[in-house]
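> Starting off with a structure, shown below.
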Amino acid sequence: MSVLGLGHDVVDVSAFAEQLAEPGSRMRGLFSVREVRQAGERARRKNDDESTHLAAKWAGKEAVLKAWCDALGDMPNPYTIENFPWNGIEIVDDSRGRPCVALRPDVERKLRASLPPVASRNSAEMSGAPGLVRMGPAVMRMPIVTPVSTGPAPAAASSASVSLVFRWHVSLSHDGGIASAVAMLTV
Numbered sequence: 100m101s102v103l104g105l106g107h108d109v110v111d112v113s114a115f116a117e118q119l120a121e122p123g124s125r126m127r128g129l130f131s132v133r134e135v136r137q138a139g140e141r142a143r144r145k146n147d148d149e150s151t152h153l154a155a156k157w158a159g160k161e162a163v164l165k166a167w168c169d170a171l172g173d174m175p176n177p178y179t180i181e182n183f184p185w186n187g188i189e190i191v192d193d194s195r196g197r198p199c200v201a202l203r204p205d206v207e208r209k210l211r212a213s214l215p216p217v218a219s220r221n222s223a224e225m226s227g228a229p230g231l232v233r234m235g236p237a238v239m240r241m242p243i244v245t246p247v248s249t250g251p252a253p254a255a256a257s258s259a260s261v262s263l264v265f266r267w268h269v270s271l272s273h274d275g276g277i278a279s280a281v282a283m284l285t286v
């Protein structure tokens, strides 16, 4: 596993709850219907406030953005803060209640297209020769393109491409008045 991007964020839960409660606030619209539903269900099970769980999901969204920016390096961002599709990046629970990242298809395409090609130690190990990998978000398979060489290629490098899986990892926590999240993009 190689880390392509890492992000972390913290949210003041009470300040976040105040923003959600402000008349005319658009904060709730930055979450998908599924995120709001899951936060409400978790709040009922734990007998606490929905805003606590939405704050953790918000920290997760921010951490994903930071990990994606880390993976971009010096490449330009495809979004500005004004047009970033916050509700297109979901922090949702899987069937076991663990947080995971789900990207809307248009967001996934845009992020994948924005990421630079990088040399990957894993691709060299898998193909027998150095390769180029196109990085991308969420769990997806991408081909490794073996670079053209003027000399004889090793026998193991004769395959034109190998499929790699890119994956988001996310961890959420809240303690006291702070919600925290770490997100990591790996190959």
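Counting in our numbering, the sequence shown runs from 100 upward without gaps.
Ideal Cβ placement from N, Cα and C applies to all residues, glycine included.
Please go through the same chain and pick out, in chain order, the residues whose beta-carbon is closer than 7 Å to the beta-carbon of His152, but skip the five residues on each side of it.
Residues of the same chain with a CB within less than 7 Å of the CB of His152, apart from the 5 flanking positions on each side, are Ala138, Arg141 and Ala142 in chain order.
> State yes or no: is the C-beta of Pro198 within less than 7 Å of the C-beta of Val269?
yes
> Taking the runs of the beta strand (DSSP E) that are 3 residues or longer, which of them lie wholly in the stretch 144–215?
188–192 and 198–202
> CA-CA distance, Val135 and Asp192?
Here the alpha carbon of Val135 sits roughly 11 Å from the alpha carbon of Asp192.
> Only counting the same chain, and skipping five residues up and downstream in sequence, which positions put a Cβ closer than 6 Å to that of Val112?
Thr151, Ala154, Gly276 and Ala278
> Please report how far the alpha carbon of Val200 lies from the alpha carbon of Val109, in whole angstroms.
Going from the Cα of Val200 to the Cα of Val109 covers about 17 Å.
> Across which residues does DSSP place Leu284 in a beta bridge pair?
Gly104 and Trp267
> In the DSSP assignment, what are the bridge partners of Val109?
Ser279
> Applying the criterion that 16 or more other CB atoms from any shown protein chain within 10 Å of the CB defines a buried residue, is Lys145 buried or exposed?
Label assigned to Lys145: exposed.
> Output yes or no for whether 7 Å exceeds the beta carbon distance between Gly106 and Ala162.
yes
> For a test of the three-state rule: what should DSSP assign to Leu231, helix, strand or coil?
Caution applies to Leu231, whose pLDDT of 35 falls short of 50 and renders its modelled position unreliable; the model cannot decide the point.
> What does a CB cutoff of less than 7 Å around Phe295 pick up in its chain, not counting 5 residues either side in sequence?
The question about residue 295 has no answer, for the chain in this structure spans 100 to 286.
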